[in-house]
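Sequence order for the protein chains is R and H.
Each residue of the first sequence is one higher than the one before, counting from 56 in my numbering.
Each residue of the second sequence is one higher than the one before, counting from 56 in my numbering.
Built from N, CA and C at the ideal position, the CB exists for glycine as well.
From a predicted model like this one, the values you see are computed outputs, not experimental measurements.
Protein chains: 2
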Amino acid sequence: MQNRIQELRKSHKMTQAELADVLEVTRQTIISLEKGKYNASLFLAHDIAEFFGLSIEEVFIFEGGHINVEETIRETKARHE
Amino acid sequence: MQNRIQELRKSHKMTQAELADVLEVTRQTIISLEKGKYNASLFLAHDIAEFFGLSIEEVFIFEGGHINVEETIRETKARHE
DNA sequence: ATTAAAAGTAAAGTTTACTATACTTTTTTG
DNA sequence: CAAAAAAGTATAGTAAACTTTACTTTTAAT
Chain R
56 MQNRIQELRK SHKMTQAELA DVLEVTRQTI ISLEKGKYNA SLFLAHDIAE
106 FFGLSIEEVF IFEGGHINVE ETIRETKARH E
Chain H
56 MQNRIQELRK SHKMTQAELA DVLEVTRQTI ISLEKGKYNA SLFLAHDIAE
106 FFGLSIEEVF IFEGGHINVE ETIRETKARH E
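The structure is reproduced here in structure tokens:
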């Protein structure tokens with residue numbers, strides 16, 4: 056999963072330490088998120104998006120995996136019969 | 056944090072086992088999320104929202120904590136000078 | 001009323017987000 | 001260029017999301 060944290064942080068002219076401080080996480084967390092070492096929790100994702108005035112989906116890019124809902128439901132239901 | 060998983064699952068006439076199967080998690084996970092025992096990861100939150108054709112923010116209700124962005128930036132920057 | 005299906009509980013184990021600390025490298029600025 | 005600020009690396013530890021298994025309670029169907 057990709058994210059626009061670094062880009063958004065820079066456009067707000069903030070350092071990693073400042074962003075970490077605002078979000079009440081450590082600088083390590085910001086570095087790791089920007090570097091893609093791991094993914095934010097739902098809470099932190101929400102706080103980041105809210106801080107930048109965006110939706111979670113606008114900050115975090117979830118690639119692939121577009122499910123055909125109707126088909127998936129049919130298949131899954133069949134599997135459970 | 057609240058979520059609308061149970062409501063959405065029922066409106067799709069699915070059991071917990073079926074939803075778990077579709078989302079490729081265990082039934083325990085669905086039960087625990089519906090019961091509010093813990094929060095979904097960002098990944099799972101995305102998969103759930105996508106499955107129901109909604110945004111993460113439409114499925115998960117993040118209460119409180121509305122930050123005044125400009126003020127927070129000013130304060131935080133001051134703290135870092 | 002029985003039975004079966006669905007929902008729920010409990011607890012131990014794994015994985016991963018996040019912290020804390022300490023040190024190194026890169027970038028910025030005077 | 002030199003100093004300071006910012007960014008990055010590494011690693012051990014904690015917390016919480018998620019799994020696995022096994023058993024109990026509630027709801028639905030006949």
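- Residues of chain R whose Cβ lies closer than 7 angstroms to the Cβ of Leu97 (chain H) are, in chain order, Asn94, Ala95, Ser96, Leu97, Ala100, Phe115.
- The DSSP-derived three-state label of Phe107 (chain R) is coil.
- Taking C-beta atoms as the reference points, Leu99 (chain H) and Val80 (chain H) count as a pair closer than 8 angstroms.
- The continuous alpha helix (DSSP H) containing Val77 (chain H) extends over residues 71 to 78.
- Take Ile111 (chain R), set aside five residues on each side of it, and the residues of its chain with a beta-carbon closer than 7 angstroms to its own are Ala100, His101, Ala104, in chain order.
- Shown here, Phe98 (chain H) sits in a helix according to DSSP, grouped into three states.
- Chain R has no Cβ within less than 8 angstroms of the Cβ of Ala133 (chain H).
- Look at Glu89 (chain H): its C-beta is not under 8 angstroms from any C-beta on chain R.
- Beta-bridge annotation (DSSP): Gln61 (chain R) is not paired with any residue.
- Interface flag for Ser66 (chain R) against chain H is unset, since no Cβ pair is found closer than 8 angstroms.
- At a beta-carbon threshold of 7 angstroms, the residues of chain R lying near Ile111 (chain H) are Ile111, Glu112, ordered along the chain.
- Nearest to Phe106 (chain R) by alpha-carbon distance, out of R:Asn58, R:Gln61, R:Leu78, R:Ser66, is R:Leu78.
- Taking 8 angstroms as the threshold, the shortest C-beta distance from Thr81 (chain R) to chain H does not fall below it.
- C-alpha of Arg64 (chain H) to C-alpha of Ser66 (chain R): approximately 40 angstroms in a straight line.
- Secondary structure note for Thr84 (chain R): its alpha helix (DSSP H) is the uninterrupted segment 82 to 89.
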